[in-house]
Amino acid sequence: MEVSAMKKRYLFLLSLLAFLGVFTVGMQSQSQTVQAANQYGIARKYTTPKATRGTWYYRETGKYSSDKKTIYKVKITAHTAAGNKLYVPSESFLKKNVYNVSAKKRNAFIKKVTKKNIYAAYDFKKGFNVNNWINLAGDGIFYIPTTRKVNGKKVKALKIATGASQQAVSYAFKTKALAKAAK
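In this text, residue positions in the sequence shown follow my numbering: the first is 150, and each later residue adds one.
Structure below.
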């Protein structure tokens with residue numbers, strides 16, 4: 150009977166050590182995430198609207214576009230757009246550490262943050278806007294779900310736009326065939 154009691158104690162101690170090991174690793178990775186968020190002013194991850202998610206295909210259709218035949222694709226996930234990680238910036242952090250500091254400190258911060266793949270995202274109408282993390286000029290890129298007529302049928306589309314007036318650069322579709330057929 151003493152042998153089985155010893156085995157139970159031994160198993161209990163091993164289980165306890167394994168739990169503490171996993172708990173410690175989990176706490177360290179959470180601490181690193183919080184530290185990165187504090188370092189760059191990330192308030193939280195941005196979640197894209199469901200209507201904009203998926204792989205979309207488009208052609209550049211603007212009047213200044215030189216290549217109107219090539220079909221491009223953009224992938225939007227819950228927290229990324231075109232491979233860029235999307236976050237909501239902490240306005241209080243940016244005011245304290247970017248906007249109300251010397252140009253030298255601001256430029257050093259911008260240089261540091263541009264090495265990371267983080268972009269600011271904001272809700273806009275039914276879609277969203279993606280911009281540089283530290284936006285000193287420009288309006289970024291807008292992704293707005295809409296519908297378009299292709300071959301006489303109304304289909305789901307994604308308006309990709311830029312500028313203060315959200316000027317459409319192109320319309321993206323769920324298939325290459327729709328993107329090719331769209332005018």
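Note that beta-carbon positions come from the ideal geometry of N, C-alpha and C, so glycine has one too.
>> Distance check for Ser319 and Ile259, CA to CA, integer angstroms please.
In response: 30 Å
> Taking Cβ positions, are Tyr236 and Tyr195 nearer each other than 7 Å?
Replying inline: yes
> Alpha carbon to alpha carbon, what distance is there between Ile267 and Asn281?
Replying inline: Asn281 and Ile267: Cα-Cα distance of roughly 8 Å.
> In angstroms, rounded to a whole number, what distance separates the CA positions of Ala286 and Leu327?
Replying inline: If you take the alpha carbons of Ala286 and Leu327, they lie about 34 Å apart.
>> Would Ala321 and Leu307 qualify as a contact pair, given that the criterion is a beta-carbon distance under 7 Å?
In response: Less than 7 Å separates the beta-carbon of Ala321 from that of Leu307.
> Is it true that the CB of Val299 sits closer than 7 Å to the CB of Ala252?
Replying inline: In this structure, Val299 does not lie closer than 7 Å to Ala252 by Cβ.
> What's the gap between the Cα of Lys329 and the Cα of Val304?
Replying inline: Whole-angstrom Cα-Cα distance: 14 Å.
> Under 7 Å, do Gly190 and Ser239 count as touching if we go by C-beta distance?
Replying inline: yes
> How many Å lie between Thr295 and Ile283 at the Cα?
Replying inline: A straight-line Cα-Cα distance of about 29 Å links Thr295 and Ile283.
>> Please classify Gly227 as buried or exposed, where buried requires at least 16 neighbouring CB atoms within 10 angstroms.
In response: Rather than Gly, the amino acid found at residue 227 in this sequence is Ala. Flag for Ala227 reads exposed.
> Going by alpha carbons, who is nearest to Ala230 out of Lys325, Asn256, Pro198, Ala192?
Replying inline: With distances taken between Cα atoms, Ala230 lies closest to Pro198.
> What residues in its chain sit with their C-beta under 7 Å from that of Lys217, if we drop five residues either side in the sequence?
Replying inline: Arg208, Glu209, Thr210
> Thr201 and Tyr292 look like a contact to me (Cβ under 8 Å); what is the Cβ gap, rounded to whole Å?
Replying inline: The beta carbons of Thr201 and Tyr292 sit about 5 Å from each other, so the pair counts as a contact at 8 Å.
>> I'd like the list of long-range same chain contacts for Gly276, defined as Cβ closer than 7 Å, with 5 residues on each side in sequence excluded.
In response: Pro198, Thr201, Phe291, Tyr292, Ile293, Pro294
> Which residues share a DSSP beta bridge with Ser319?
Replying inline: Its beta-bridge partners are Ile309.
>> So Ile220 and Lys323 are supposed to be a Cβ contact under 8 Å. How far apart are they, rounded?
In response: Not really, about 13 Å apart at Cβ, beyond 8 Å.
>> Which same chain residues end up closer than 7 Å to Lys222 when comparing Cβ atoms and leaving out the 5 residues on each side of it in sequence?
In response: Excluding residues within five positions, the ones whose Cβ falls inside 7 Å are Thr204, Trp205, Tyr206.
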